[in-house]
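Asker:
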Amino acid sequence: MMEILSTVEPAPMESVEQPQEEGRPARPSTRELLPTGARRIVVAAVGAALMVASLAAFGFTGRGLVGAVLCPVLVVLAAIDFEHRILPNDIIGPAVLAIGLIIAAADAGSFLTHLAAGAALGGFFLAFALIFRGSLGLGDAKLGFLLGLALGASTFAAVLIAFAGLLVNALWILARQGFDARGKAIAFGPYLALGGILAFFFG
Numbered sequence: 000m001m002e003i004l005s006t007v008e009p010a011p012m013e014s015v016e017q018p019q020e021e022g023r024p025a026r027p028s029t030r031e032l033l034p035t036g037a038r039r040i041v042v043a044a045v046g047a048a049l050m051v052a053s054l055a056a057f058g059f060t061g062r063g064l065v066g067a068v069l070c071p072v073l074v075v076l077a078a079i080d081f082e083h084r085i086l087p088n089d090i091i092g093p094a095v096l097a098i099g100l101i102i103a104a105a106d107a108g109s110f111l112t113h114l115a116a117g118a119a120l121g122g123f124f125l126a127f128a129l130i131f132r133g134s135l136g137l138g139d140a141k142l143g144f145l146l147g148l149a150l151g152a153s154t155f156a157a158v159l160i161a162f163a164g165l166l167v168n169a170l171w172i173l174a175r176q177g178f179d180a181r182g183k184a185i186a187f188g189p190y191l192a193l194g195g196i197l198a199f200f201f202g
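With numbering that gives the first Met the number 0 applied, the sequence shown has no gaps in its numbers, which climb one by one up to 202 at the end.
(1) With distances taken Cα to Cα, identify the nearest neighbour of Ser153 among Pro71, Pro189, Leu100 and Arg62.
(2) Apply the 10 Å Cβ neighbour rule to Leu120 and answer buried if 16 or more other Cβ atoms are within range, or exposed otherwise.
(3) Can you tell me whether Gly117 is buried or exposed, with buried defined as 16 or more other CB within 10 angstroms of its CB?
(4) Would Phe127 and Leu135 qualify as a contact pair, given that the criterion is a beta-carbon distance under 8 Å?
(5) Using a Cβ-Cβ cutoff of less than 8 Å, which residues in the same chain neighbour Thr245 once the five nearest sequence positions on both sides are dropped?
(6) Which residues in the same chain as Tyr190 place their Cβ atom closer than 6 Å to its Cβ, once the five residues preceding and following it in sequence are excluded?
(7) Going by beta carbon distance, what residues of the same chain come within less than 6 Å of Phe200, once the five residues before and after it are set aside?
(8) Going by Cα to Cα distance, which pick from Val51, Ser109, Phe57 and Glu82 is closest to Pro71?
(9) Please list the terminal residues of the continuous alpha helix (DSSP H) segment that includes Ala119.
(10) If you draw a straight line from the C-alpha of Asn88 to the C-alpha of Ala186, how long is it?
(11) Could you check how far apart the C-beta atoms of Leu54 and Ile98 are, in whole angstroms? I think they sit under 8 Å.
(12) Under the three-state reduction of DSSP, which class applies to Phe200: helix, strand or coil?
(13) With a CB to CB cut of under 6 Å and the five nearest residues on each side skipped, what residues in its chain are close to Ala78?
(14) Thinking Leu73 and Ala198 are a contact (beta carbons under 8 Å), I'd like their distance in whole angstroms, please.
What follows is the structure, encoded as structure tokens:
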């Protein structure tokens with residue numbers, strides 16, 4: 000069985016510089032994690048296209064504004080997690096706040112449903128990470144909360160797409176590299192991002 004890579008998170012910024020433990024490199028800042036060069040252009044273009052698509056499909060409604068925030072954030076997180084295996088708190092946190100405020104302002108009656116979906120998915124990923132050490136990370140749990148909060152009733156569809164994509168990739172790796180690749184770790188963030196985007200537009 001192939002492992003899902005545990006996504007680590009950058010340590011929170013401290014007001015006083017703390018000495019680094021010997022032999023442990025400092026974690027990079029979020030600015031250092033952002034895509035560079037041609038990859039940055041691709042990420043920016045895809046994120047902008049999805050933002051425009053959300054507003055074109057749903058207008059300046061609550062759903063349209065949620066998509067305008069969610070989709071570009073998911074593209075950036077997928078790119079970072081794919082390259083660095085990190086889902087930064089200072090990207091997920093503001094996105095959660097912005098999406099929560101949009102939902103509360105646009106459709107207060109559905110806010111608790113969205114909040115419950117976020118808590119359910121985030122809690123499930125957190126429990127999975129605690130029970131099966133090295134499978135998922137806290138970053139995946141927080142991304143799960145973001146997806147559930149944004150998608151509400153479409154959350155389950157996003158998770159199904161994510162796990163289906165992960166399974167296809169795992170089988171592809173096994174077919175190419177054989178059973179020696181069973182322990183190969185795979186970043187889960189990009190699959191959650193893909194599932195979230197597809198579920199948002201088509202769910």
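Built from N, CA and C at the ideal position, the CB exists for glycine as well.
Answerer: The short version:
(1) Selected option, being the one with the closest Cα: Arg62.
(2) Burial is judged here by how many other beta carbons sit within 10 angstroms of a residue's own beta carbon; Leu120 has at least 16 and is buried.
(3) buried
(4) yes
(5) With the chain represented from 0 up to 202, any question about residue 245 goes unanswered, as that position is not in the structure.
(6) Ala161, Gly164 and Leu165
(7) none
(8) Val51
(9) Phe110 to Ile130
(10) 17 Å
(11) Not a contact, Cβ separation roughly 15 Å.
(12) helix
(13) Pro34 and Val42
(14) No, Leu73 and Ala198 are not in contact; Cβ-Cβ is about 11 Å, not under 8 Å.
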